[in-house]
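Visitor: The structure follows.
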Amino acid sequence: MDESSPDSIKLPRSTKGTRPSFFDDPSMDQMMTFILELTTEVAVLRERQDSLERLLDERGTLSRADVEAFRPDEDGEAERTQWREAFLERVLRLHVPE
Amino acid sequence: MSADIEAQFKPTHDEHARQRFVSMLRKHAILDMTQKLKARYDESIEPQLQAEGRSPKSWRDISKAMQDDPVYRFYSSTRYNAQEMCFMSVQPTIERNFSDLKKTASQAAAEATAGGSLTLDPGLELPSYVTRLDIHLAPGYTHREYTEDDIASGAVVAFGGKVFTGQHPYRRSYGAVGESVSYFVDKQFPDLKPKHILDMGTCSGKNLVPFHDRFPDAELHGIDVGAPALRFGLAYAEHLGVPVHFSQQNAEQTRFEDESFDLITSSFFLHEVPVVATRRILAECYRLLAPGGVMVHMELPNENAVSDYENFFWNWDTRNNNEPFYTQFRSQDPAALCSEAGFSKDSIFARLIPDYASSGVEVADACIAGDRPTPPHGKGGWFVFGARKER
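Protein chains in written order, with our numbering: chain A, 2 to 99; chain B, 2 to 392.
Now the structure itself:
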């Protein structure tokens, strides 16, 4: 890698090997990557907002550094885990009978 | 004590959120969508095949029937993307913290306060089955190096592996398999009391380190062809105060002397190499074991041990997770492989063992003794096979 030096590194974002196609049109495979990455970004944004709200509840005011450093306690993390699970259930709703 | 290399991995707020979410995405694909896929098969695909007079006679028939099904396609696509994202989600954190990660690993190797060691072999020819493609869709897998004394690929596999297992009900404990196998060995072979243990394809030793807790007097050796994973592993073990001797060696032909070990293990290893290499590795185990020594390989259940549907499910990885030897390995009879390697037939075993962390001692003992059924592989149990060398 050109940009790597002894103390800094740039890692490849793709893998060696043949990428399988699961759909008749490979554009659909590409589209799934877009959708899942976007889904993940929505979850990340939602989590940032959740951090904001929890900090505001606690302190009434805050700085960007507060948000950056914030990690929820065990209960907060459990709530987030539940939300992530339910969120994925909604977004990736398969066409199958319950 | 050496500094904690895992503490040098400092994700930003959003990287942390992304990693946690990808754990859930991976769990959603591998557990939730898998259940729906099975229901889809049972309730519509199989009945339809039957109605058409084409009842599936093998896992290949099931696989063929599934290819055009939309539920299968979206399940597969989600699972594939989630797998890639496990590793991608940790790459930016590793790039930003690279200097500290590397420094911690170098210091751990230089100080070796726990008494471990690292022996690299820069001249070792990496087998083509390791370099030809990136196993598990992990860019660089455990071996690719970008700079001198590199640990990046080891870090990607270690931290990405934690994202991968983060929501898996039976893999929350980092060395869950090592904990389970070491407990099984202690119970099943109470007279063994191993003093020299070798773990093949050890990567960063996460399933070797638990053997220290079970057998504190044993000398632990871990071999792998991937230098970055070994460097990372030494730092990991040293911080825990566990002396591990890591060395860069190919398990098909090691530099150890005959009868060097009384216990040889591996986890999730043999299905990544061609069967011809597995045969050489098992013969090497036979050579390396002292009389009365035991080998235990934790592996995927072989084809004859599970249903056609499960074979279809397991063999998905062959084509879709860069594990080209997976189906070929699973089609072998583990007992025949051990027998060909020189082990006597009555010493060979192939069975499920309980997941130690989730079952607790009482249930684990009952499962090992055969007094209660062990849950299936990956669902509270692990499949192992092996043998004991004659005394």
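Positions of the beta carbon are idealized from the N, C-alpha and C atoms, including for glycine.
Check the Cβ of Arg60 of chain A against every Cβ in chain B and list those closer than 9 Å, keeping chain order.
Guide: Per Cβ cutoff of 9 Å: no residues; Arg60 of chain A is ~16 Å from chain B at best.
Visitor: Just to confirm the assignment, what range does the beta strand (DSSP E) spanning Phe395 of chain B have?
Guide: Shown here, chain B extends from 2 to 392; a query on residue 395 of chain B therefore has no answer.
Visitor: Taking Cβ-Cβ distances shorter than 9 Å, what residues in chain A pair up with Lys37 of chain B?
Guide: Residues of chain A passing the Cβ test: Leu95 and Val97.
Visitor: Identify every residue that forms a DSSP beta bridge with Ser9 of chain A.
Guide: Bridge partners of Ser9 of chain A: A:Ser6.
Visitor: Going by the DSSP bridge assignment, what does Ile354 of chain B pair with across the sheet?
Guide: BP columns for Ile354 of chain B point to B:Trp383.
Visitor: Please state the DSSP three-state secondary structure of Gly342 of chain B.
Guide: One detail in the question is off: residue 342 of chain B reads as Ala in this sequence, not Gly. Ala342 of chain B falls in the coil class under three-state DSSP.
Visitor: Quick one: what does DSSP say Gln254 of chain B is sitting in, helix, strand or coil?
Guide: Correct three-state label for Gln254 of chain B: coil.
Visitor: Determine the chain A residues that contact Ile95 of chain B at a beta-carbon separation under 8 Å, and present them in chain order.
Guide: Here the neighbours are Ile10 and Leu12.
Visitor: For a test of the three-state rule: what should DSSP assign to Ile349 of chain B, helix, strand or coil?
Guide: Ile349 of chain B: coil per DSSP, three-state reduction.
Visitor: Tell me the residue span of the alpha helix (DSSP H) that contains His456 of chain B.
Guide: Residue 456 of chain B falls outside the range modelled here, since chain B spans only 2 to 392, and no answer is possible.
Visitor: State the DSSP-derived secondary structure class of Asp67 of chain A, mapped to helix, strand or coil.
Guide: Residue state, collapsed to three classes: helix.
Visitor: Is Gln9 of chain B close to chain A, meaning its C-beta is less than 7 Å from at least one C-beta of that chain?
Guide: No, its Cβ sits nowhere closer than 7 Å to a Cβ of chain A.
Visitor: Residues of chain A with a CB under 8 Å from the CB of Val72 of chain B: which are they?
Guide: Ordered by position in chain A, the residues that pass the 8 Å Cβ test against Val72 of chain B are Leu95, His96 and Val97.
Visitor: Rounding to the nearest angstrom, what Cα-Cα distance links Pro211 of chain B and Pro217 of chain B in this structure?
Guide: The straight-line gap from Cα to Cα measures roughly 10 Å.
Visitor: Between Pro27 of chain A and Ile36 of chain A, what straight-line distance do the alpha-carbon atoms span, to the nearest angstrom?
Guide: Whole-angstrom Cα-Cα distance: 14 Å.
Visitor: Is it the case that the Cβ atoms of His14 of chain B and Glu69 of chain A are separated by a distance below 7 Å?
Guide: Yes, the Cβ-Cβ distance between His14 of chain B and Glu69 of chain A is below 7 Å.
Visitor: Got a sec: is the Cβ-Cβ distance from Val43 of chain A to anything in chain B below 7 Å?
Guide: Not closer than 7 Å to any Cβ of chain B, the Cβ of Val43 of chain A fails to qualify, so no.
Visitor: Mapping the DSSP letters down to three states, classify Ile224 of chain B as helix, strand or coil.
Guide: Reduced to three states, the DSSP call for Ile224 of chain B is strand.
Visitor: Output the distance between the C-alpha atoms of Pro244 of chain B and Glu220 of chain B, rounded to the nearest integer angstrom.
Guide: Rounded to the nearest angstrom, the two C-alpha atoms are 8 Å apart.
Visitor: Chain A partners of Asp135 of chain B, CB-CB under 8 Å?
Guide: Thr16, Lys17 and Gly18, listed in chain order.
Visitor: Can you determine whether any heavy atom of the ligand GTP sits closer than 6 Å to the C-beta of Ile63 of chain B, and answer yes or no?
Guide: The ligand GTP is not among the ligands present in this structure, which contains no ligands whatsoever.
Visitor: For Leu199 of chain B, count the other beta carbons within 10 Å of its own beta carbon; 16 or more makes it buried, fewer makes it exposed. Which is it?
Guide: Leu199 of chain B should be labelled buried.
Visitor: Tell me the rounded alpha-carbon separation between Val91 of chain B and Val158 of chain B.
Guide: When rounded, the distance between both Cα atoms is 9 Å.
Visitor: Using a Cβ cut-off of 7 Å, pull out every chain B residue sitting near Leu89 of chain A, in sequence order please.
Guide: Within 7 Å Cβ-Cβ: Met25, Leu26 and His29.
Visitor: Label Leu57 of chain A either buried or exposed according to how many other C-beta atoms from any shown protein chain fall within 10 Å of its C-beta, with 16 as the threshold for buried.
Guide: Classification for Leu57 of chain A: exposed.
Visitor: Considering only their Cβ atoms, is the gap separating Pro355 of chain B from Cys339 of chain B smaller than 7 Å?
Guide: No, the Cβ-Cβ distance between Cys339 of chain B and Pro355 of chain B is not below 7 Å.
Visitor: Please work out which residues of its chain come closer than 6 Å, Cβ to Cβ, to Ala4 of chain B, disregarding the five sequence neighbours upstream and downstream, and give them in chain order.
Guide: Closer than 6 Å at the Cβ level, and outside the excluded window around Ala4 of chain B, lie Thr105.
Visitor: Please report whether the beta-carbon of Asp101 of chain B lies at a distance below 7 Å from any beta-carbon of chain A.
Guide: Not closer than 7 Å to any Cβ of chain A, the Cβ of Asp101 of chain B fails to qualify, so no.
Visitor: Measuring only the C-alpha atoms, how far is Lys37 of chain B from Thr279 of chain B?
Guide: The straight-line gap from Cα to Cα measures roughly 35 Å.
Visitor: Going straight from the alpha carbon of Lys194 of chain B to that of Gly176 of chain B, what length do you get?
Guide: Straight-line Cα distance between these residues: approximately 21 Å.
Visitor: If you measure from the beta carbon of Leu1 of chain B to each beta carbon in chain A, is any gap under 7 Å?
Guide: Nothing in the structure corresponds to residue 1 of chain B, since chain B is present only between 2 and 392.
Visitor: For Val92 of chain A, write down the residues that DSSP places opposite it in a beta bridge.
Guide: Partner(s): none; Val92 of chain A has no beta bridge.
Visitor: Look up Gly122 of chain B in the DSSP assignment and say whether it is helix, strand or coil.
Guide: The question names Gly, but residue 122 of chain B is Asp in the sequence shown. Asp122 of chain B: coil per DSSP, three-state reduction.
Visitor: Take the Cβ of Lys390 of chain B as the centre, count every other Cβ of all protein chains shown within 10 Å, and call the residue buried at 16 or more, exposed below.
Guide: Lys390 of chain B comes out buried.
Visitor: Cα separation between Leu264 of chain B and Thr62 of chain A?
Guide: Distance between the alpha carbons of Leu264 of chain B and Thr62 of chain A is about 59 Å.
Visitor: Please report the residue range of the beta strand (DSSP E) in which Met296 of chain B lies.
Guide: Segment Leu290 to Glu300, the beta strand (DSSP E) holding Met296 of chain B.
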